[in-house]
Amino acid sequence: MRIRAAVLRHPGRPVTVEEVELDPPKAGEVLVRVVAAGVCHSDVRYADGELGPGHWPGVLGHEGAGVVEEVGEGVTHVAPGDPVAFCFVPACRSCRYCLAGKPNLCSVVAEHGAQGMLMDGTSRLRLPDGTTLRHGLRTACFAEYTVVAAGGAVPLPRELPLWQAALLGCGVVTGLGAVRNVARVQPGESVAVLGCGGVGLQVIAGARLAGADPIIAVDRVPEKLSLAREHGATHVVDAAGEEAPMDAVQRITGGGVDFAFEVIGRPETIRLAWDVIRPGGSAIVVGLAPDGVEASVPAIEFLSDKSLRGTYYGSGDPATEIPELAGLALAGELDLTRVVTHVDGLDGVEAALDRLRRGEGARTVLLVDADLAGHPGAAHRGS
Ligand SMILES: [Zn+2]
Ligand SMILES: [Zn+2]
581 MRIRAAVLRH PGRPVTVEEV ELDPPKAGEV LVRVVAAGVC HSDVRYADGE
631 LGPGHWPGVL GHEGAGVVEE VGEGVTHVAP GDPVAFCFVP ACRSCRYCLA
681 GKPNLCSVVA EHGAQGMLMD GTSRLRLPDG TTLRHGLRTA CFAEYTVVAA
731 GGAVPLPREL PLWQAALLGC GVVTGLGAVR NVARVQPGES VAVLGCGGVG
781 LQVIAGARLA GADPIIAVDR VPEKLSLARE HGATHVVDAA GEEAPMDAVQ
831 RITGGGVDFA FEVIGRPETI RLAWDVIRPG GSAIVVGLAP DGVEASVPAI
881 EFLSDKSLRG TYYGSGDPAT EIPELAGLAL AGELDLTRVV THVDGLDGVE
931 AALDRLRRGE GARTVLLVDA DLAGHPGAAH RGS
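Quick note, the sequence shown lines up with residues 581 to 963 if you use this note's numbering.
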């Protein structure tokens with residue numbers, strides 16, 4: 581079928597919305613009508629070529645929600661008409677990592693997905709001239725329709741508006757997972773969050789749900805610090821202000837935090853995360869650093885039981901967590917609306933990427949099908 585999609589032809593060139601060909605789903609795949617999609621900082625890394633070679637030409641977008649249009653042979657967990665959120669690690673459930681309870685590290689996804697291919701190593705997308713297009717982060721949801729592996733379409737409760745559900749499959753799973761599955765934050769433990777964009781705000785929300793106190797948000801953009809307060813930060817630190825963030829965290833905690841979450845992906849802030857934890861504390865790197873970037877810490881401090889660790893996609897099982905998080909949103913315990921600072925149509929993708937490059941706002945949600953998205957301001961797109 582002929583669809584409109586946001587195509588990255590080459591890093592450094594603007595992403596263009598153009599007509600592409602989408603083949604029907606094969607066995608074990610699902611065709612989804614995309615309704616809404618979140619624009620994430622990883623899309624910027626992807627569009628700017630910072631994830632290394634082998635990611636273009638392709639269709640971007642890995643966070644979104646839609647409605648199942650058609651299912652391939654053998655797919656039974658969803659049916660046409662079902663609302664779904666995208667999961668960009670459609671675990672195979674049979675590799676060594678999946679069997680060990682680490683589906684976020686699925687080796688089949690790592691093998692083919694890194695090349696932007698579906699689970700059988702092939703693509704359903706091509707340009708009208710026949711050039712194969714990659715499925716950006718295995719999802720390619722900045723498009724009117726997409727074909728994903730069955731595990732890439734996770735069923736949702738019908739009551740949750742799709743413009744909100746669109747955020748579940750990356751920012752929310754990643755942010756809350758870092759708190760719940762990696763740090764396992766307990767009530768009363770102290771947390772610092774470095775970087776308060778779309779994912780950082782979800783780390784803060786997760787820390788609040790876990791009963792962390794204090795929750796110290798650090799950013800250099802005042803608008804993001806006020807969003808951080810709305811999401812549950814007890815203290816905010818302006819990294820561009822007079823007091824160094826390190827000093828501010830020491831002043832607030834009197835000795836450092838139990839957990840610091842780095843949600844930017846820069847060596848300086850990874851080092852800051854290390855510096856602000858107390859002896860025995862953990863610095864957790866959530867941010868996606870460009871390919872080739874190195875980070876370092878003073879090694880003698882490993883003697884104080886400090887640890888530095890990574891996480892990918894919440895380090896849990898998104899297929900079970902996405903419906904659970906949708907339930908928390910419906911119960912009013914998790915707010916999915918305030919992180920959305922901009923809404924636009926599919927054609928607004930390059931402008932949304934530019935806002936992220938400038939550090940402006942938190943999440944843009946592209947309302948690909950404004951009628952189905954259920955956004956109250958859909959009539960005022962481009963706001
Ligand atoms: Zn993302
Ligand atoms: Zn697997």
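Ideal placement from N, C-alpha and C gives every residue a C-beta, glycine not left out.
Treat the numbers as computed from the prediction; the structure is a model and nothing was measured.
| Item | Value |
| --- | --- |
| Residue(s) in a DSSP beta bridge with valine 664 | Gly646 and Pro735 |
| Helix, strand or coil at glycine 892 according to DSSP, with G and I counted as helix | Strictly speaking, residue 892 in this sequence is tyrosine, with glycine absent from that position. In the structure shown, tyrosine 892 sits in coil (DSSP, three-state: anything other than H, G, I, E or B). |
| Check whether valine 689 and alanine 671 have beta carbons under 8 Å apart | yes |
| Glutamate 653 vs proline 604 beta-carbon contact at 8 Å | no |
| DSSP-derived helix/strand/coil call for threonine 656 | coil |
| Member of Ala659, Gly751, Val595 and Thr702 whose CA lies at the smallest distance from the CA of glutamate 643 | Gly751 |
| Residues near leucine 748 by beta carbon distance below 7 Å, same chain, minus five either side | Ala665, Ile902, Leu905 and Ala906 |
| Given 8 Å, three or more beta-carbon pairs between the region 770-789 and the region 836-850 | yes |
| Length-filtered (4 minimum) alpha helix (DSSP H) runs lying within the region 734-810 | 742-745, 753-757 and 778-789 |
| Rounded straight-line distance, which links the Cα of alanine 645 to that of proline 683 | 21 Å |
| Chain-order list of residues whose beta-carbon lies under 7 Å from that of arginine 809 (same chain, five-residue window excluded) | Val816 |
| Same chain, Cβ closer than 6 Å to glycine 638, five either side skipped, listed in chain order | Leu588, Gly696, Leu713, Arg714 and Gly716 |
| Nearest-angstrom beta carbon gap, leucine 640 and valine 595 [assumed within contact, 8 Å] | 6 Å |
| Three-state class that DSSP yields for alanine 694 in the structure shown | coil |
| DSSP-derived helix/strand/coil call for leucine 916 | coil |
| Own chain, CB closer than 8 Å to arginine 961, minus 5 neighbours either side, in chain order | Confidence in arginine 961 is poor, its pLDDT being 46 and thus under 50, which makes the residue's placement too unreliable to answer from. |
| Secondary structure of phenylalanine 722, DSSP reduced to three states | coil |
| Reduced DSSP category for alanine 617 - H, G, I as helix; E, B as strand; rest coil | strand |
| Isoleucine 844, buried or exposed, once every other Cβ within 10 Å from all chains shown has been counted against 16 | buried |
| Chain-order list of residues whose beta-carbon lies under 6 Å from that of alanine 585 (same chain, five-residue window excluded) | Val600, Val639 and Ala723 |
| Beta-carbon proximity of isoleucine 857 to isoleucine 832, cut-off 8 Å | no |
| Stretch-stretch touch, CB-based, cutoff 8 Å, three pairs: the region 882-897 with the region 754-768 | yes |
| Euclidean distance between Cα positions of glycine 731 and methionine 826 | 42 Å |
| Pair within 8 Å by beta-carbon distance, cysteine 776 and aspartate 793 | no |
| Chain-ordered list of residues that sit, by beta carbon, closer than 6 Å to a heavy atom of ligand 1 | Cys620, Ser622, His642, Glu643 and Cys750 |
| Proximity of alanine 763 and isoleucine 880 at Cβ, strictly below 8 Å | no |
| Distance CB(leucine 908)-CB(valine 624) smaller than 8 Å | no |
| Any non-hydrogen atom of ligand 2 within 7 Å of tyrosine 892 CB | no |
| beta-carbon cysteine 667 near ligand 2 non-hydrogen atom, thresh 7 Å | no |
| Distance, valine 783 Cα to proline 802 Cα | 18 Å |
| By C-beta, the residues closer than 7 Å to any heavy atom of ligand 2, given in chain order | Ala671, Cys672, Arg673, Ser674, Cys675, Tyr677, Cys678, Pro683, Cys686, Ser687, Val688 and Val689 |
| Aspartate 897 classed as buried or exposed, judged by whether at least 16 other C-beta atoms fall within 10 angstroms | buried |
| CA-to-CA distance, alanine 694 to glycine 618, given in whole angstroms | 21 Å |
| Option in Ala680, Ser687, Cys721 and Arg846 with minimal Cα separation from alanine 875 | Arg846 |
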